[in-house]
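Visitor:
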Amino acid sequence: MRILQPFDPWKSKLCTCSPKLSFNPYTGCAHRCLYCYATYIPRFWEVREKRDLLRRLEKDLERLESGVLISMSNSSDPYPPAEKIKELTRKCLQLMKEHSVRVLVVTKSDIVARDVDLLAEMRAAVAITITGRTAKQLELNAPSMEKRIEALKMLHDAGVPTILRLDPLLPWASKEEWLEVLEACSFVDHVVTSTLKLKKDGYGRIVLHFPQLKEKLDELYFRKGEKVGSYFYLPEELRRSMLKVVEKKCHELGISCAFCREGVPFKARSCDGSHLIR
Ligand code: SF4
């Protein structure tokens, strides 16, 4: 089986991504985000190396057409704590660099800054998800917001195109915390944002940890919201008003802004920030 797979974000009819390939150096994720959408994968919280990863990646890279974009990762994080020792993702980046492919790194970890030397010489951009102080409470093992911002800044200062994924916007968070993140990341090249979508298992984990949210979530997602594929969305009017807050602030800061799987138009050249990659 090929290790580079077509990017197929949950077959969402609202996805606006250009064609790209998806690559996960690890299976499973250690960050333990309560809202995670990928927990249908067995033993998901256990981070495992993929069998024969480097050989399979090299084989797939050899038959790639030039200009193809690889997104790493979409259903795990390429920088789990184990990466500090294993350096598997780093070895994959080295291979991708040799093949001169375009790479979009997507992570919640500050470990990515360790690879700044490689990334600065590659056709690459780095997106770091930073969610704000309330959302951070839902990411049980992920690095702090401050560490993620520092990592983004270090990459930016080294000339790597940087993207802030302000995602997910929570309906019970205050807009001030989104503005705080945007102010702190005003150096980035692009922002992509998205409201919290719920799957049943993610909903179950959130209300188990925060039972006081149950009534509000039931009302917003299951009584007033809508279902798109296997996801429950907030009511459209509420989503638009939340996205507007971020878009307006990005406009003031002079940063391009896009929305992920919202069905709401945006002006940026791409949603995921891939337009920044040479
Ligand atoms: S970082 Fe992503 S893949 Fe990992 S637990 Fe959080 S949402 Fe899931």
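Throughout the sequence shown, residue numbering follows this note's numbering, covering -16 to 261 in sequence.
Backbone N, C-alpha and C fix where the C-beta goes; we use that ideal spot for every residue, glycine too.
(1) Would the region 123 to 130 count as touching the region 139 to 154 if we require 3 or more Cβ pairs under 8 Å?
(2) Provide the residue(s) that pair with Q(-12) in DSSP beta bridges, ordered along the chain.
(3) Under the DSSP definition of a beta bridge, which residues are partnered with E209?
(4) Any heavy atom of ligand 1 closer than 7 Å to the CB of A21?
(5) Can you tell me where the alpha helix (DSSP H) with A167 in it begins and where it stops?
(6) Within the 8 Å Cβ cut-off, does T117 reach chain B?
(7) Could you name the residues of the same chain whose beta carbon sits closer than 7 Å to that of A262, not counting the 5 residues immediately before and after it, in chain order?
(8) By Cβ distance below 6 Å, which residues in the same chain neighbour N57 in space, the five residues on each side in sequence not counted?
(9) Since T178 and L138 should fall inside the 8 Å C-beta cutoff, what is the C-beta to C-beta distance between them, to a whole number of angstroms?
(10) If you compare alpha carbons, which of F193, R188, D184 is closest to E214?
(11) Decide yes or no for the touch test of the region 161 to 174 against the region 104 to 117: beta carbon pairs closer than 8 Å, at least 3 of them.
(12) As a quick exercise: from A96, E29, C0, pick the residue whose alpha carbon is nearest that of G246.
(13) State the DSSP-derived secondary structure class of T72, mapped to helix, strand or coil.
(14) With a CB to CB cut of under 8 Å and the five nearest residues on each side skipped, what residues in its chain are close to E209?
(15) Who are I53's beta bridge partners in DSSP?
(16) Use the C-beta contact count for G256: other C-beta atoms within 10 angstroms, 16 or more gives buried, fewer gives exposed.
(17) Just to confirm before moving on: does the CB-CB distance between P63 and C12 stay below 8 Å?
(18) Tell me whether R15, by its Cβ, gets closer than 7 Å to a heavy atom of ligand 1.
(19) Report yes if the CB atom of V86 is closer than 8 Å to the CB atom of A110, and no otherwise.
(20) Since I132 is in the alpha helix (DSSP H), which residue starts that stretch and which ends it?
(21) Go to I189, then tell me how far its beta strand (DSSP E) extends in each direction, as first and last residue.
(22) Thinking C-alpha only, which one of A96, R39, G50, K67 is nearest L78?
(23) Please classify M(-16) as buried or exposed, where buried requires at least 16 other C-beta atoms within 10 Å of its C-beta.
Guide: To lay it out plainly:
(1) no
(2) Residue -12 sits at position 5 when you count from the first residue of the sequence shown. Per DSSP, S5.
(3) Counting from one through the sequence shown, the residue named residue 209 turns up at place 226. Answer is Y216.
(4) In the sequence shown, the residue the question calls residue 21 occupies position 38. Within the cutoff, so yes.
(5) Numbered from its first residue, the sequence shown carries residue 167 at position 184. Element bounds for A167: 158 to 167.
(6) Within the model displayed, chain B is absent; a lone protein chain is all it includes.
(7) A question about residue 262 goes unanswered here, because the residues of the chain that appear run from -16 up to 261.
(8) Counting from 1 along the sequence shown, the entry for residue 57 is found at position 74. The answer, listed in chain order, is S5.
(9) Sequence index remark: in the sequence shown, residue 178 carries index 195 (1-based). Sequence index remark: in the sequence shown, residue 138 carries index 155 (1-based). With a Cβ gap of about 26 Å, T178 and L138 do not count as contacting.
(10) By one-based count along the sequence shown, residue 214 stands at place 231. What sits at residue 214 in the sequence shown is Tyr, not Glu. Answer by Cα proximity: D184.
(11) yes
(12) Mapped onto the sequence shown, residue 246 falls at position 263. Ranking A96, E29, C0 by Cα distance to G246 puts C0 first.
(13) Taking the first residue of the sequence shown as position 1, residue 72 is located at position 89. DSSP places T72 in helix when its eight states are reduced to three.
(14) Along the sequence shown, one-based indexing puts residue 209 at 226. Taken in chain order, the residues that qualify are F215, Y216, P218, E219.
(15) Position 70 of the sequence shown, counted from the first residue, corresponds to residue 53. BP columns for I53 point to L4, V86.
(16) Counted from its first residue, the sequence shown places residue 256 at position 273. Flag for G256 reads buried.
(17) Translated into the one-based positions of the sequence shown, residue 63 becomes position 80. Translated into the one-based positions of the sequence shown, residue 12 becomes position 29. Cβ atoms of P63 and C12: closer than 8 Å.
(18) Numbered from 1 along the sequence shown, position 32 holds the residue referred to as residue 15. Yes; taking the cut-off as 7 Å, the Cβ of R15 has a heavy atom of ligand 1 nearer than that.
(19) Taking the first residue of the sequence shown as position 1, residue 86 is located at position 103. Taking the first residue of the sequence shown as position 1, residue 110 is located at position 127. Not in contact: V86 and A110 (Cβ atoms no closer than 8 Å).
(20) Here residue 132 corresponds to residue number 149 of the sequence shown, with the count starting at 1. Unbroken alpha helix (DSSP H) run through I132: 128 to 140.
(21) Taking the first residue of the sequence shown as 1, we reach residue 189 at position 206. Per DSSP, I189 belongs to no beta strand (DSSP E); it is in the alpha helix (DSSP H), 183 to 192.
(22) For this step, residue 78 is matched to residue 95 along the sequence shown. Per the Cα distances, R39.
(23) Looking up residue -16 in the sequence shown gives position 1. Classification for M(-16): exposed.
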